[in-house]
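Chemist: Numbered per this note's numbering, the sequence shown finishes at 189, counting up by one with no gaps.
Ideal placement from N, C-alpha and C gives every residue a C-beta, glycine not left out.
I have a structure here, written as structure tokens, and I will follow up with some questions on it.
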Amino acid sequence: MPVNEIQDALSKARFEKIEDEEPYYAEIPGLRGVWATGKTRGACRKKLAAVLNGWITIRIKNGLDVPKVS
């Protein structure tokens, strides 16, 4: 997934506040298992980017498709 597609996927992230030590939660719709939490929205987004990169790496290593986020 090229960098611009990664940024596009991150721009579609859904954020919400939850009752937790890390009250920010985010996920990318359509990418099962790509979610993160953080103490701030920025920290949550940074973790989400790392999760997305790891998710893409694992899918590529296992010969799986990397779906585009619509």
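(1) Quick check on Ala169: buried or exposed, where buried means 16 or more other Cβ atoms within 10 Å of its Cβ?
(2) Compute the Euclidean distance between the alpha carbons of Tyr143 and Lys131, then round it to the nearest angstrom.
(3) Round the Cβ separation of Ile147 and Leu183 to the nearest angstrom and send it over; I've been treating them as touching at under 8 Å.
(4) Can the beta-carbon of Trp154 be found closer than 8 Å to that of Ala162?
Modeler: Let's see:
(1) Walking along the sequence shown from the start, residue 169 turns up at place 50. Classification of Ala169: exposed, given that the 10 Å Cβ count is below 16.
(2) Locating residue 143 in the sequence shown gives position 24, where the first residue counts as 1. Locating residue 131 in the sequence shown gives position 12, where the first residue counts as 1. One C-alpha to the other measures close to 16 Å.
(3) Position 28 of the sequence shown, counted from the start, is the residue given in the question as residue 147. Position 64 of the sequence shown, counted from the start, is the residue given in the question as residue 183. Contact between Ile147 and Leu183 does not hold, since their C-beta atoms are separated by about 16 Å, which reaches or exceeds 8 Å.
(4) Against the sequence shown, residue 154 aligns to sequence position 35. Against the sequence shown, residue 162 aligns to sequence position 43. No, these two residues do not count as a Cβ contact at 8 Å.
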